[in-house]
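What follows is a single structure, written as structure tokens, with notes after it.
2 protein chains.
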Amino acid sequence: MEGNLVDVLAKIYVTLKESVLDPQGAAVSHALHALRYDTVSDVRIGKYMEVTLSAGSEQEAHQLVRGMCDQLLTNPVIEKYTYELVEA
Amino acid sequence: MEGNLVDVLAKIYVTLKESVLDPQGAAVSHALHALRYDTVSDVRIGKYMEVTLSAGSEQEAHQLVRGMCDQLLTNPVIEKYTYELVEA
């Protein structure tokens, strides 16, 4: 049957670029040290998103996810992202 | 040499429990539909954290990371988490 859709789950990991200061991460690191987690040397906080979608093919799913990330889900000036597609 | 430390990077994924409403996810889903991503059926937003730490052993690293998650990094009432340890 032409055009049967594939349902996919996109797992998207958004993190700040290395050059960008992460005050939230610094605050969490400070709090962890206060809780005696002295061996913590760095904390970076980002976003984890799960998007369920259907697409005509796996290739189209990749295009859709990259489009969403570039257009809405990430701020390309300060953030970078990786993602993986799994069957929904 | 007794007591040499292992440096690890903990990748922590925090998501809302299924039973918990995700207004942020609903808002993003709505925005994606407005951008013509009509095949999106669900969006869940969570936190992605990278914590760099050293530990006496891999086992100790697991204990430390679980401790941090339970004590500070997650809210066990509404959130669940998974993590993976990789060499820093």
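One line per chain: the protein sequences are W and R, in this order. Per the numbering used here, residue 8 is the first one in the first sequence, and the count goes up by one each step. Per the numbering used here, residue 8 is the first one in the second sequence, and the count goes up by one each step. We treat Cβ as the ideally placed atom computed from N, Cα and C, and that holds for glycine. This one's a predicted model, so the numbers in the text were calculated from it and none came from an experiment.
Checklist entry - Which class does R:E65 belong to by DSSP, given the choice of helix, strand or coil? => result helix
Checklist entry - For R:G53 versus W:Y55, is the C-beta distance shorter than 8 Å? => result yes
Checklist entry - Along chain R, which residues have their Cβ under 8 Å away from the Cβ of W:A38? => result L79
Item to check | Beta-bridge pairing of R:G53 - partner residues as DSSP gives them | outcome: W:Y55
Item to check | Contacts that W:K87 makes with chain R (C-beta to C-beta distance below 7 Å) | outcome: Neighbours of W:K87 in chain R, taken as residues at a C-beta separation under 7 Å, are lacking, since the least C-beta distance is about 12 Å.
Item to check | Per-residue contacts from W:K54 into chain R (C-beta, under 8 Å) | outcome: I52, G53, K54 and Y55
Next on the checklist: Can you pull out the residues from the region 62-73 of chain R whose beta carbon lies closer than 7 Å to at least one beta carbon of chain W?
Outcome noted: A62 and L71
Checklist entry - By a C-beta neighbour count over all protein chains shown, 10 Å radius and 16 as the cutoff for buried, is W:I85 buried or exposed? => result The Cβ neighbour count for W:I85, taken over all protein chains shown within 10 Å, is under 16; the residue is labelled exposed.
Next on the checklist: R:T46 and R:A95 - do their beta-carbons sit closer together than 8 Å?
Outcome noted: no
Next on the checklist: If you measure between the beta carbons of W:L23 and W:R51, is that distance less than 8 Å?
Outcome noted: Judged by their CB atoms, W:L23 and W:R51 are nearer to each other than the 8 Å cut-off.
Checklist entry - Which same chain residues, not among the five before or five after W:V4, have their C-beta less than 6 Å away from its C-beta? => result Nothing in the structure corresponds to residue 4 of chain W, since chain W is present only between 8 and 95.
Next on the checklist: I want to verify the contact list: residues of chain W whose CB lies under 8 Å from the CB of R:S26, in sequence order.
Outcome noted: Within 8 Å Cβ-Cβ: nothing; R:S26 doesn't reach chain W, min ~16 Å.
Checklist entry - Are the beta-carbon atoms of R:A62 and R:V15 separated by less than 8 Å? => result Against a cut-off of 8 Å, the Cβ pair of R:V15 and R:A62 comes out as a contact.
Checklist entry - Between R:Y90 and chain W, is there a C-beta pair that is closer than 8 Å? => result no
Checklist entry - When you compare each of R:N11, R:L12, R:S26 and R:V13 to R:P83 by their alpha carbons, which one comes out closest? => result R:S26
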